[in-house]
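Novice: Going by the working numbering, the letters in the sequence shown line up with residues 211 to 544, in that order. Note that the Cβ used here is the ideal one computed from N, Cα and C, for glycine as well. What follows is a structure written as structure tokens; I'll ask about it next.
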Amino acid sequence: MKKYLEDLEKELRKSKLSEEEISEIMEDHKEMIEIAKQEGISDDELEKKFGNPKKVVADINGDYQETSTNRDNKGGFEMKKFDSCVRDLQPEDSLYKTFTPSDDYEIEVNLVSDDLQVDFHDEDTILVYQNRIKDLEEYEIDFSNNKLLISRKSHKMKFVIGFSKKSQTGFYIFLPKKLNIKDFSLKTVSSDGYFNAIQSDKLKVSTTSGDYRMTNIVTKSAKVSTVSGNLRLDGFETTNFDLSTVSGDIAAEQLIIGEKIHVNTVSGDINLKDGKAHNLDIKTVSGDGLLNEFYPDMVSLKSVSGDIIMSNSNRDHYVDVVYKKTVSGDIIIK
């Protein structure tokens with residue numbers, strides 16, 4: 211990271227940029243590189259992700275592009291229920307354990323190379339099904355102190371022959387619809403996930419090398435981080451949302467944010483459709499942002515080597531553009 215920033219500063223000082231402009235560019239790149247490194251990007255990969263410093267400076271060449279702001283809508287849409295992304299139970303799904311929680315229970319899941327399906331049912335119990343798992347002794351599956359824990363005891367990766375990371379193994383969890391989840395924490399590697407109708411106070415998801423889809427989610431606060439995987443959200447309501455991705459795309463329809471959503475992307479695109487937020491903050495590196503019929507009250511937008519385009523049909527809704535900056539890209543609000 212240090213060498214990349216030193217090389218970038220050296221190239222910037224060869225240009226005709228002012229000290230203030232150089233300082234801003236360096237600060238922006240430092241912040242975005244730190245975010246990328248937190249999400250798993252190594253120093254050797256920085257140039258690939260952010261571009262060769264000489265080319266970056268050539269692209270910048272002194273002009274941050276200011277574009278038009280406009281006023282958009284009042285959010286004229288009705289919330290709809292999406293079809294569940296979770297599949298039906300299959301003959302190979304076998305019931306492994308049953309637990310009885312009380313209200314405000316917690317969930318912690320840590321998996322490697324196992325897929326996860328989570329849905330709700332009308333019963334008062336938690337049902338844990340397993341699918342094709344050869345040795346359940348490798349897992350800790352327990353419920354104590356009103357907390358469900360599903361975790362691999364061994365951190366050894368499963369080796370998968372061929373191009374597919376799929377192990378075709380996993381867990382299917384049914385949760386009681388009438389009880390609230392206080393805290394849902396998930397961390398996975400090489401695993402795909404499908405969540406439907408989760409209602410919680412807190413939701414935290416961290417994934418590496420896996421695709422995730424969520425439908426009909428309601429939570430008070432959410433933090434979702436993905437590396438080398440795609441994320442799709444259909445019907446997601448929360449007060450505050452911290453969303454980041456490296457080398458993956460984000461697509462969301464009917465994302466309803468009561469207060470603030472903060473989005474960071476590196477080498478990935480983001481597509482927000484038919485939603486609203488009080489405060490929207492987006493930072494992208496080597497990726498595009500497309501917002502269609504998404505209505506924030508205020509926005510802060512920053513892009514490096516990518517475009518951010520906000521397009522809405524209702525012109526009565528005013529958007530307060532708090533901050534807007536682009537390096538080698540366009541930001542358009544219309």
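Use the C-beta contact count for D345: other C-beta atoms within 10 angstroms, 16 or more gives buried, fewer gives exposed.
Specialist: Translated into positions along the sequence shown, residue 345 becomes position 135. Label assigned to D345: exposed.
Novice: To the nearest angstrom, how far is it from the Cα of M508 to the Cα of K240?
Specialist: Taking the first residue of the sequence shown as 1, we reach residue 508 at position 298. Taking the first residue of the sequence shown as 1, we reach residue 240 at position 30. The straight-line gap from Cα to Cα measures roughly 25 Å.
Novice: Do N356 and D303 count as a contact pair if the criterion is CB distance below 7 Å?
Specialist: Translated into positions along the sequence shown, residue 303 becomes position 93. Translated into positions along the sequence shown, residue 356 becomes position 146. No. Outside cutoff.
Novice: Following the continuous alpha helix (DSSP H) through M236, name the residue where it begins and the one where it ends.
Specialist: Your numbering for residue 236 matches position 26 in the sequence shown. 229-248 is the extent of the alpha helix (DSSP H) around M236.
Novice: Do N406 and S294 have their beta-carbon atoms positioned less than 7 Å apart in this structure?
Specialist: One-based indexing of the sequence shown puts residue 294 at position 84. One-based indexing of the sequence shown puts residue 406 at position 196. A contact, by the Cβ cut-off of 7 Å.
Novice: Use the C-beta contact count for V532: other C-beta atoms within 10 angstroms, 16 or more gives buried, fewer gives exposed.
Specialist: By one-based count along the sequence shown, residue 532 stands at place 322. When all chains shown are included, V532 counts as exposed.
Novice: Look at the Cβ atom of L385, then the Cβ atom of I336, and state whether they are nearer than 7 Å.
Specialist: Residue numbering aside, residue 385 sits at position 175 when the sequence shown is read from its first letter. Residue numbering aside, residue 336 sits at position 126 when the sequence shown is read from its first letter. Yes. Within cutoff.
Novice: Report the option in A268, S416, S538 whose CA atom is closest to the CA atom of G497.
Specialist: Sequence index remark: in the sequence shown, residue 497 carries index 287 (1-based). Selected option, being the one with the closest Cα: S538.
Novice: Given I343, which residues of its chain have a CB within under 6 Å of its CB, disregarding the five upstream and five downstream residues?
Specialist: If you number the sequence shown from 1, residue 343 lands on position 133. Hits under 6 Å: T379.
Novice: So L396 and D313 are supposed to be a Cβ contact under 8 Å. How far apart are they, rounded?
Specialist: For the purposes of this step, residue 396 is taken as residue 186 along the sequence shown, with counting starting at 1. For the purposes of this step, residue 313 is taken as residue 103 along the sequence shown, with counting starting at 1. In fact, because the Cβ distance is near 21 Å, the residues do not count as touching under 8 Å.
Novice: Just tell me which of P301, F353, Q300, N262 has its CA closest to the CA of K307.
Specialist: Counting from 1 along the sequence shown, the entry for residue 307 is found at position 97. It is F353.
Novice: For E463, is the classification buried or exposed, using 16 other Cβ atoms within 10 angstroms of its Cβ as the cut-off for buried?
Specialist: Residue 463 sits at position 253 when you count from the first residue of the sequence shown. Buried.
Novice: For A268, does the count of other Cβ atoms within 10 angstroms reach 16, so buried, or fall short, so exposed?
Specialist: Residue mapping note: residue 268 aligns to position 58 of the sequence shown, counting from 1. Counting Cβ neighbours within 10 Å, A268 comes out exposed, since fewer than 16 surround it.
Novice: Given a threshold of 16 other Cβ atoms within 10 Å of its Cβ, counted over all protein chains shown, does G286 qualify as buried or as exposed?
Specialist: Your numbering for residue 286 matches position 76 in the sequence shown. Bear in mind that a pLDDT of 46 at G286, under 50, signals an unreliable position, so the number given afterwards is only what the model happens to contain. By the neighbour-count definition (other C-beta atoms within 10 Å, threshold 16), G286 is an exposed residue.
Novice: Can we say the segment 316-334 touches the segment 452-460, given the rule of at least three CB pairs closer than 8 Å?
Specialist: These segments do not touch.
Novice: Would the beta-carbon of T436 fall within 7 Å of that of L321?
Specialist: Your numbering for residue 436 matches position 226 in the sequence shown. Your numbering for residue 321 matches position 111 in the sequence shown. No, the pair does not count as a contact, with Cβ atoms beyond the cut-off.
Novice: Given Y315, which residues of its chain have a CB within under 6 Å of its CB, disregarding the five upstream and five downstream residues?
Specialist: Translated into positions along the sequence shown, residue 315 becomes position 105. Cβ neighbours of Y315 beyond the five flanking positions: N356.
Novice: So which of L501, F504, N481, V319 has the shortest CA-CA distance to S416?
Specialist: Working through the sequence shown from its first residue, we reach residue 416 at position 206. Just measuring C-alpha positions, the residue of L501, F504, N481, V319 sitting nearest S416 is V319.
Novice: Should the segment 239-258 be called in touch with the segment 211-228, which here means at least 3 C-beta pairs below 8 Å?
Specialist: yes
Novice: Could you check the C-alpha separation between K220 and K544 for me, to the nearest Å?
Specialist: Locating residue 220 in the sequence shown gives position 10, where the first residue counts as 1. Locating residue 544 in the sequence shown gives position 334, where the first residue counts as 1. Using only the alpha carbons, I get a separation of about 37 Å.
Novice: If you check the beta carbons only, do V338 and I383 fall under 7 Å apart?
Specialist: Against the sequence shown, residue 338 aligns to sequence position 128. Against the sequence shown, residue 383 aligns to sequence position 173. The answer is yes: Cβ separation under 7 Å.
Novice: One question on the structure: do K486 and N502 come within less than 7 Å of each other, judged by their Cβ atoms?
Specialist: Start at 1 with the first residue of the sequence shown, and residue 486 comes out as number 276. Start at 1 with the first residue of the sequence shown, and residue 502 comes out as number 292. No.
Novice: Got a sec? Which residues, its chain only, sit under 6 Å from D530 by beta carbon, not counting five neighbours each side?
Specialist: Here residue 530 corresponds to residue number 320 of the sequence shown, with the count starting at 1. Beyond the five residues adjoining it in sequence on each side, D530 comes within less than 6 Å, by CB distance, of M508 in the same chain, given in chain order.
Novice: Using alpha carbons as the reference points, say which of I466, M520, E244, R525 lies closest to D540.
Specialist: Numbered from 1 along the sequence shown, position 330 holds the residue referred to as residue 540. When only C-alpha atoms are compared, the closest one is M520.
Novice: Answer yes or no: do V495 and V476 have a C-beta to C-beta separation smaller than 7 Å?
Specialist: For this step, residue 495 is matched to residue 285 along the sequence shown. For this step, residue 476 is matched to residue 266 along the sequence shown. Contact: yes.
Novice: Comparing alpha-carbon positions, which option in D479, E447, I480 lies nearest I467?
Specialist: For this step, residue 467 is matched to residue 257 along the sequence shown. The option with the nearest alpha carbon to I467 is E447.
Novice: Let me know the secondary structure DSSP gives P311 once reduced to three states.
Specialist: Start at 1 with the first residue of the sequence shown, and residue 311 comes out as number 101. Coil, per DSSP.
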